[in-house]
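*Asks:*
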Ligand code: HEC
Ligand code: HEC
Ligand code: HEC
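So this is what it looks like as structure tokens:
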């Protein structure tokens, strides 16, 4: 009883510590970027113009401090002025994002550089830097999802069991069903059925290797998620199923390896962006 009360007490204290934090915490909303950004990215533009513009600002921003360190004030001032100019240009690129920019902060920074006073420069640079940071925090993931992460939507996979060509998501559902066929039957001591399901599951799983090259040019990636550790775990599962007296613990241990080092780790790497893309495509 005493131990139970102690746990309750500690839990309450921890909750009360979390409450104010939760009230203050901001939510991250991953909004689809405005369509006006499209024209600064391929295929509409030849080069990723928006990123090029970012590099211009960043180089001039950093350039101020490099020159300051060298006491090259002439170039530091030039960099500050160029930054103000590029910042102004950037603020006109995406009308929906104009409120992220603070043109006064850019002007104040350029002016501060002319004072040669590190304190004033530092303060003004923080004010300006904040405007970069808040747009990055709210929009980078959305922009990466929209313009950089390849979609699985165009990928088709031939199911080695049914020999039907399937969309990627449908294929995953089938793969997941086959995995359950293995674990459910094993849990019911129906080793014969579990063994048949395992054969189908293994074929479907290994077939995933054929999809990596749709996005990757380096074959080394296949050491992950679909590599030897996974095929070894499947062989171990099979060994238990065909033995006279299966080692139950060993079977589940290998199921865990496939589930965690295979499915889960691949989802952690690849699925987050896909989920966001999917939500954006849904009709409201
Ligand atoms: C209105 C929004 C916005 C503002 C303001 C903004 N940025 Fe960006 N920035 C972005 C987005 C979006 C990306 C991601 C672009 C991408 O990956 O395609 C980015 C990416 C970058 C990158 C990385 C580029 C790369 O190669 O991936 C740098 C560096 C950068 N910004 C510098 C700055 C600086 C410096 C400022 C302020 C002086 C600034 N940005 C202000 C939206 C903004
Ligand atoms: C729809 C496109 C797509 C497919 C299909 C895909 N990947 Fe990726 N994967 C990516 C992207 C994008 C990244 C991020 C970095 C990059 O481009 O390599 C990534 C990252 C990775 C990484 C992290 C290390 C690295 O190279 O960046 C591994 C490992 C990986 N993928 C393995 C695989 C394997 C194995 C397959 C096939 C079973 C696969 N991927 C299929 C798009 C894909
Ligand atoms: C090569 C990487 C990779 C591996 C390995 C992988 N998945 Fe997936 N999975 C994905 C991606 C990417 C998606 C998102 C598909 C989409 O958005 O259409 C996905 C989606 C899914 C879905 C949702 C399908 C839907 O459209 O509703 C399920 C269920 C699933 N996976 C189960 C599994 C299981 C179970 C395993 C292991 C036996 C596994 N996956 C292994 C990459 C992988």
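Numbering (the numbering used here), first residue to last: 1138 to 1421.
No residue lacks a Cβ here, since even glycine has one placed at the ideal position from N, Cα and C.
As the structure is a prediction and not an experimental result, all values here were calculated from the model.
Of the residues 1232, 1363 and 1199, which one's Cα is nearest the Cα of residue 1218?
*Replies:* Translated into positions along the chain shown, residue 1218 becomes position 81. Closest option to residue 1218, Cα to Cα, is 1199.
*Asks:* Does the region 1358–1366 come into contact with the region 1301–1321, if we say contact requires no fewer than three beta-carbon pairs (one atom in each stretch) closer than 8 Å?
*Replies:* At 8 Å Cβ cutoff, the stretches do not touch.
*Asks:* Quick check on residue 1408: does DSSP put it in helix, strand or coil?
*Replies:* Residue numbering aside, residue 1408 sits at position 271 when the chain shown is read from its first letter. Three-state result, residue 1408: helix.
*Asks:* Could you tell me which residues DSSP puts in a beta bridge with residue 1294?
*Replies:* Locating residue 1294 in the chain shown gives position 157, where the first residue counts as 1. Residue 1294 is bridged to 1303.
*Asks:* Ligand 3 heavy atoms versus the CB of residue 1422: any closer than 6 Å?
*Replies:* In the structure as shown, the chain starts at 1138 and stops at 1421, and residue 1422 therefore has no counterpart that could be examined.
*Asks:* Would you report the Cα separation of residue 1408 and residue 1325, rounded to the nearest angstrom?
*Replies:* Translated into positions along the chain shown, residue 1408 becomes position 271. Translated into positions along the chain shown, residue 1325 becomes position 188. Approximately 32 Å, taken between the alpha carbons.
*Asks:* For residue 1240, count neighbouring Cβ atoms within 10 angstroms of its own Cβ and tell me buried if that reaches 16, exposed if not.
*Replies:* Working through the chain shown from its first residue, we reach residue 1240 at position 103. The residue in question, residue 1240, is exposed, as its Cβ has fewer than 16 Cβ neighbours within 10 Å.
*Asks:* Under 7 Å from any heavy atom of ligand 2, by CB: list those residues in chain order, please.
*Replies:* Any residue whose Cβ sits closer than 7 Å to a heavy atom of ligand 2 makes the list: 1286, 1287, 1288, 1289, 1292, 1345, 1346, 1348, 1349, 1351, 1352, 1353, 1355, 1358, 1359, 1361, 1362, 1363, 1403, 1406 and 1407.
*Asks:* Helix, strand or coil for residue 1374, going by three-state DSSP, please let me know.
*Replies:* In the chain shown, the residue the question calls residue 1374 occupies position 237. Residue 1374 falls in the helix class under three-state DSSP.
*Asks:* Suppose the cutoff is 6 Å on Cβ atoms and the five residues either side in sequence are ignored; what does the same chain contact list for residue 1318 look like?
*Replies:* What you label residue 1318 is simply residue 181 of the chain shown in a count that begins at 1. Result list for residue 1318: 1334, in chain order.
*Asks:* Start and end of the alpha helix (DSSP H) containing residue 1222?
*Replies:* Counting from 1 along the chain shown, the entry for residue 1222 is found at position 85. First-last of the alpha helix (DSSP H) with residue 1222: 1210–1228.
*Asks:* What are the boundary residues of the alpha helix (DSSP H) that residue 1389 is part of?
*Replies:* In the chain shown, counting from the first residue as 1, residue 1389 sits at position 252. It spans 1385–1394 - the alpha helix (DSSP H) in which residue 1389 sits, taken as one unbroken run.
*Asks:* Can we count residue 1303 as close to ligand 3, meaning its CB is less than 6 Å from some heavy atom?
*Replies:* Translated into the one-based positions of the chain shown, residue 1303 becomes position 166. It does not: the Cβ of residue 1303 is nowhere closer than 6 Å to a heavy atom of ligand 3.
*Asks:* Measure how close the beta-carbons of residue 1223 and residue 1193 come, nearest whole angstrom, since I'm counting them as under 8 Å.
*Replies:* The residue you call residue 1223 lines up with position 86 of the chain shown. The residue you call residue 1193 lines up with position 56 of the chain shown. Contact flag correct, Cβ pair sits at about 5 Å.
*Asks:* For ligand 3, I want to know if residue 1310 counts as a neighbour, meaning its beta carbon is within less than 6 Å of at least one of the ligand's heavy atoms.
*Replies:* On the chain shown, position 173 is the one that residue 1310 refers to. For ligand 3, at least one heavy atom lies less than 6 Å from the Cβ of residue 1310.
*Asks:* So is residue 1406 buried or exposed if we call it buried at 16+ other beta carbons inside 10 Å?
*Replies:* Residue mapping note: residue 1406 aligns to position 269 of the chain shown, counting from 1. Counting Cβ neighbours within 10 Å, residue 1406 comes out exposed, since fewer than 16 surround it.
*Asks:* Measuring CB to CB, does residue 1305 end up less than 7 Å from residue 1321?
*Replies:* Counting from 1 along the chain shown, the entry for residue 1305 is found at position 168. Counting from 1 along the chain shown, the entry for residue 1321 is found at position 184. Their beta carbons are not under 7 Å apart, which means residue 1305 does not touch residue 1321 by this criterion.
*Asks:* Let me know the secondary structure DSSP gives residue 1186 once reduced to three states.
*Replies:* For the purposes of this step, residue 1186 is taken as the residue at position 49 of the chain shown. DSSP places residue 1186 in helix when its eight states are reduced to three.
*Asks:* Are there any heavy atoms of ligand 3 lying less than 6 Å away from the beta-carbon of residue 1313, as far as the coordinates show?
*Replies:* By one-based count along the chain shown, residue 1313 stands at place 176. True, at least one ligand heavy atom lies under 6 Å from that Cβ.
*Asks:* Using alpha carbons as the reference points, say which of 1204, 1272 and 1265 lies closest to residue 1235.
*Replies:* As a first step, residue 1235 is located in the chain shown; it is residue number 98 there, counting from the start. For the residues 1204, 1272 and 1265, the minimum Cα distance to residue 1235 belongs to 1272.
*Asks:* I'd like the ranges of any beta strand (DSSP E) spanning at least 3 consecutive residues and lying wholly in the region 1302–1363.
*Replies:* Entirely contained in the region 1302–1363, the beta strand (DSSP E) runs reaching 3 residues are, in chain order, 1302–1304.
*Asks:* Straight-line CA distance for residue 1196 to residue 1342?
*Replies:* On the chain shown, residue 1196 is found 59 positions in, with the first residue counted as 1. On the chain shown, residue 1342 is found 205 positions in, with the first residue counted as 1. So the two alpha carbons sit approximately 46 Å from each other.
*Asks:* Which term fits residue 1300, buried or exposed, when burial requires 16 or more other beta carbons within 10 angstroms of its beta carbon?
*Replies:* If you number the chain shown from 1, residue 1300 lands on position 163. Residue 1300 is exposed by the Cβ-count criterion.
*Asks:* Let's test the definition: count the other Cβ atoms within 10 Å of the Cβ of residue 1347 and tell me whether it reaches 16, buried, or not, exposed.
*Replies:* Here residue 1347 refers to the residue found at position 210 when the chain shown is read from its first residue. Exposed.
*Asks:* Which residue from 1337, 1328 and 1265 puts its Cα closest to that of residue 1298?
*Replies:* Residue 1298 sits at position 161 when you count from the first residue of the chain shown. Residue 1298 has its Cα closest to that of 1337, out of 1337, 1328 and 1265.
*Asks:* Determine the contact status of residue 1280 and residue 1201, defining contact as a CB-CB distance below 7 Å.
*Replies:* Within the chain shown, numbered from 1, the residue matching residue 1280 stands at position 143. Within the chain shown, numbered from 1, the residue matching residue 1201 stands at position 64. No.
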